[in-house]
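A.B. asks: This is the structure, below, for whatever I ask next.
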Amino acid sequence: MKHYPSIPGDPVDIPIMGWDKLDGSQIRCEVNRKHGLHKFGSRKVLVGPDHKFLGRAEEIARARYGDSLPRILKEQRWEEKTCYLEFHGPRSFAGRHDPNDEHTVTLIDVSVYKKGFMLPRDFYRTYTAAGVPTAALLYEGRPNAEFIAAVKSGTLPGMTCEGVVCKGAPTKNGYPPTMFKVKADAWVARVKAQYGGDPAALRDLL
Numbered sequence: 013m014k015h016y017p018s019i020p021g022d023p024v025d026i027p028i029m030g031w032d033k034l035d036g037s038q039i040r041c042e043v044n045r046k047h048g049l050h051k052f053g054s055r056k057v058l059v060g061p062d063h064k065f066l067g068r069a070e071e072i073a074r075a076r077y078g079d080s081l082p083r084i085l086k087e088q089r090w091e092e093k094t095c096y097l098e099f100h101g102p103r104s105f106a107g108r109h110d111p112n113d114e115h116t117v118t119l120i121d122v123s124v125y126k127k128g129f130m131l132p133r134d135f136y137r138t139y140t141a142a143g144v145p146t147a148a149l150l151y152e153g154r155p156n157a158e159f160i161a162a163v164k165s166g167t168l169p170g171m172t173c174e175g176v177v178c179k180g181a182p183t184k185n186g187y188p189p190t191m192f193k194v195k196a197d198a199w200v201a202r203v204k205a206q207y208g209g210d211p212a213a214l215r216d217l218l
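Residues 13 to 218 (the numbering used here) make up the sequence shown, in order.
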């Protein structure tokens, strides 16, 4: 399965669509015509039902997306795609999850076999506008100072807690889309307080 790219934190001054950055753990799953949803994994390794927390993601994903993701694959006449979802609960934070929470998975991106990652407008039309549960679209336009300030202060309407992932057209023709992230100051401060002694964890989270 295709790995999800690392998202930089430096804004790019182009028209973007800004999506709520759900605070959880990334899950990948392969979808093809023969098997539907199969071959689940985290960002780095395959994950089976025996995983302490993420093993539950497969069952949840099948219940929530077992019909819609294969149906769209067929409608678009795609052979195969890798779907990226966020596993999260009310008290999930920086990759840690409360075992007493009711968790869910939410679609955040799709890479189509031999085509690459979908452009944000195509993703929106194909999934969000079609009623498939996705991370919320919170902003459209250039990432101006007002938008950046609203994300950092946590006052952007509809934003949960971590921040926003911004996606735009490639700076040159082709794929992948231009992407960058903006984090809420309060979330960053909490991460630094918890992981300040672990530089590797900080680099991965921030």
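Quick reminder that beta carbons are idealized off the backbone N, C-alpha and C, glycines included. In this text, all values refer to a predicted model and were calculated from it rather than measured experimentally.
I'd like the ranges of any beta strand (DSSP E) spanning at least 3 consecutive residues and lying wholly in the segment 143-179.
C.D. replies: 149-153, all fully within the segment 143-179.
A.B. asks: Look up W199 in the DSSP assignment and say whether it is helix, strand or coil.
C.D. replies: Taking the first residue of the sequence shown as position 1, residue 199 is located at position 187. Note: W199 maps to helix in three-state DSSP.
A.B. asks: Within its chain, find whatever has a CB closer than 6 Å to the CB of R55; leave out the 5 residues flanking it on each side and keep chain order.
C.D. replies: The residue you call residue 55 lines up with position 43 of the sequence shown. So the list reads Q38, once near-sequence residues are dropped.
A.B. asks: Please determine, among R89, I72, R202, G180, the residue with the shortest C-alpha to C-alpha distance to R40.
C.D. replies: Taking the sequence shown and counting its residues from 1, the one referred to as residue 40 is at position 28. The shortest C-alpha separation from R40 is found at I72.
A.B. asks: Would the beta-carbon of G36 be found less than 7 Å away from any heavy atom of the ligand NAP?
C.D. replies: Looking at this structure, you won't find the ligand NAP or any other ligand, since it has none at all.
A.B. asks: Give the C-beta separation of G30 and C178 to the nearest angstrom, bearing in mind that I take them to be a contact with Cβ-Cβ under 8 Å.
C.D. replies: As a working mapping, residue 30 is identified with position 18 in the sequence shown. As a working mapping, residue 178 is identified with position 166 in the sequence shown. Correct: roughly 5 Å between the Cβ atoms.
A.B. asks: Among K193, P189, P188, A181, which has the Cα closest to the Cα of V163?
C.D. replies: Along the sequence shown, one-based indexing puts residue 163 at 151. The option with the nearest alpha carbon to V163 is K193.
A.B. asks: Tell me which residues share the same chain as N114 and place their Cβ nearer than 7 Å to its Cβ, disregarding the 5 neighbours each side in the sequence.
C.D. replies: Reading the sequence shown from its first residue, position 102 is the one you call residue 114. Inspection of the sequence shows that residue 114 is occupied by Glu rather than by Asn. So the list reads G101, once near-sequence residues are dropped.
A.B. asks: If you compare alpha carbons, which of L58, I26, E91, K33 is closest to V43?
C.D. replies: Indexing the sequence shown from 1 puts residue 43 at position 31. Minimum Cα distance to V43 is reached at E91.
A.B. asks: Rounded to a whole number of angstroms, what is the C-alpha to C-alpha distance between L66 and Y96?
C.D. replies: One-based indexing of the sequence shown puts residue 66 at position 54. One-based indexing of the sequence shown puts residue 96 at position 84. When rounded, the distance between both Cα atoms is 14 Å.
A.B. asks: Between I26 and A181, is the Cβ-Cβ spacing less than 8 Å?
C.D. replies: In the sequence shown, residue 26 corresponds to position 14, counting from 1. In the sequence shown, residue 181 corresponds to position 169, counting from 1. Cβ atoms of I26 and A181: closer than 8 Å.
A.B. asks: Quick one: what's got a C-beta closer than 7 Å to F129's C-beta in the same chain, skipping five residues either side?
C.D. replies: Within the sequence shown, the letter at position 117 stands for residue 129. Contacts found: D121, S123, Y187, P188, P189.
A.B. asks: Name the two residues that bound the continuous alpha helix (DSSP H) containing F135.
C.D. replies: Here residue 135 refers to the residue found at position 123 when the sequence shown is read from its first residue. F135 -> alpha helix (DSSP H) spans 132-135.
A.B. asks: Report the three-state DSSP secondary structure of E92 (helix, strand or coil).
C.D. replies: By one-based count along the sequence shown, residue 92 stands at place 80. Of the three classes helix, strand and coil, the one that applies to E92 here is strand, per DSSP.
A.B. asks: Using a beta-carbon distance below 8 Å, is I19 in contact with chain D?
C.D. replies: Considering every chain present, this structure includes no chain D. It has just one protein chain.
A.B. asks: Helix, strand or coil for G30? Go by DSSP, reduced to three states.
C.D. replies: In the sequence shown, counting from the first residue as 1, residue 30 sits at position 18. Strand.
A.B. asks: When you compare each of E98, K64, D62, H63 to Y77 by their alpha carbons, which one comes out closest?
C.D. replies: Taking the sequence shown and counting its residues from 1, one reaches residue 77 at position 65. Nearest of E98, K64, D62, H63 to Y77, Cα basis: E98.
A.B. asks: Could you check what DSSP says for L58 in three-state terms: helix, strand or coil?
C.D. replies: Numbered from 1 along the sequence shown, position 46 holds the residue referred to as residue 58. Strand at L58.
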